[in-house]
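**Q** Numbered according to numbering that gives the first Met the number 0, the sequence shown spans residues 0 to 171.
Cβ atoms here follow ideal geometry from the backbone N, Cα and C, with glycine treated the same way.
Once you've had a glance at the structure underneath, I'll fire off some questions.
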Amino acid sequence: MIMSLFRRRAAAEARALHLALVLAAKTGWRFDRGPLPRSSFTHFLYVEAAHLLLVPTTSGTEFAVRQVEPVVRETRSDALIVSLPDQGTPAFAMATWARRETVWTTPLALWLGEAGEPWLVPTEADNGVLGFRLVNALHHAAPAPWAFTGERDSGFGRAAAWMETVAQVVTR
0 MIMSLFRRRA
10 AAEARALHLA
20 LVLAAKTGWR
30 FDRGPLPRSS
40 FTHFLYVEAA
50 HLLLVPTTSG
60 TEFAVRQVEP
70 VVRETRSDAL
80 IVSLPDQGTP
90 AFAMATWARR
100 ETVWTTPLAL
110 WLGEAGEPWL
120 VPTEADNGVL
130 GFRLVNALHH
140 AAPAPWAFTG
150 ERDSGFGRAA
160 AWMETVAQVV
170 TR
């Protein structure tokens, strides 16, 4: 029984890490051998070009934000939480570090443009919504990449199909 729970948890952690790594590859992020930010928290990958802590987790985003908040302050880096709970839907949270405060944007969902460019955008439709285009550089909030509801829905559909393909690779 205990071994079964351990295996399920390990499998869930592997799926979360796999999703984070595949998203990093799609974005063009590299994990160089450069210096890592000093931190007692070790459950992250560091993208030096984007000054970003990439944190795969099986925890929900609310719990993960509480864990990662002090690390963002300590390392003076932004953070992207990739949450993939066991039997759950992927969710994302973005921390933008600034000297005076860290701003968290959550919940976010993956949205893919027609050419496959990844964005993280709020899950709720809203006029004037801002999202994050994921590129291999510092990221900034930008106006949502769609003009019409149909485009919004299509991008979420492309992202869901892509994540389903990613999930199938892990379960084989």
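Find the nearest neighbour of residue 6 within the set 116, 166 and 85, judged by alpha-carbon distance.
**A** Among 116, 166 and 85, the Cα nearest to that of residue 6 belongs to 85.
**Q** With a threshold of 16 other CB atoms inside 10 Å of the CB of residue 91, please say whether the residue is buried or exposed.
**A** Residue 91 should be labelled buried.
**Q** Residue 73: which of 20, 99, 82 and 161 sits nearest, CA to CA?
**A** Looking at the Cα atoms, 99 is the closest of the given residues.
**Q** With DSSP collapsed to three states, give me the class of residue 142.
**A** Strand.
**Q** Specify whether the stretch 96-113 and the stretch 51-69 touch according to this definition: at least 3 beta carbon pairs, one from each stretch, less than 8 Å apart.
**A** A contact exists between the stretch 96-113 and the stretch 51-69.
**Q** Find out if the Cβ-Cβ distance for the pair residue 144, residue 103 is shorter than 7 Å.
**A** No, the Cβ-Cβ distance between residue 144 and residue 103 is not below 7 Å.
**Q** Anyone know if the C-beta pair for residue 78 and residue 46 falls short of 7 Å?
**A** Not closer than 7 Å, so no.
**Q** Tell me where the alpha helix (DSSP H) around residue 67 begins and ends.
**A** Segment 60-74, the alpha helix (DSSP H) holding residue 67.
**Q** Per DSSP, residue 1 is paired with what?
**A** DSSP lists no partner for residue 1.
**Q** Entirely within the stretch 68-122 and at least 3 residues each: give me those beta strand (DSSP E) ranges in chain order.
**A** If we require 3 residues or more, the beta strand (DSSP E) runs fully inside the stretch 68-122 come out as 77-82, 90-96, 101-111 and 117-121.
**Q** Counting C-beta neighbours from all protein chains within 10 Å, is the total for residue 52 16 or more, i.e. buried, or is it exposed?
**A** Buried, by the Cβ-count rule.
**Q** Cutting at 8 Å between CB atoms, please list the residues of its own chain near residue 165, excluding the five before and the five after it.
**A** Contacts found: 17, 18 and 21.
**Q** Which stretch, first to last residue, makes up the beta strand (DSSP E) that contains residue 55?
**A** Here the beta strand (DSSP E) through residue 55 covers 51-56.
**Q** When the distance is taken between beta carbons, is residue 15 closer than 7 Å to residue 56?
**A** Cβ distance < 7 Å, so residue 56 and residue 15 count as in contact.
**Q** Would you call the CB atoms of residue 94 and residue 101 closer than 7 Å?
**A** Their beta carbons are under 7 Å apart, which means residue 94 touches residue 101 by this criterion.
**Q** Under the three-state reduction of DSSP, which class applies to residue 129: helix, strand or coil?
**A** In the structure shown, residue 129 sits in a strand (DSSP, three-state: E or B).
**Q** In whole angstroms, give me the CA-to-CA distance for residue 11 and residue 80.
**A** Those two C-alpha atoms are separated by around 15 Å.
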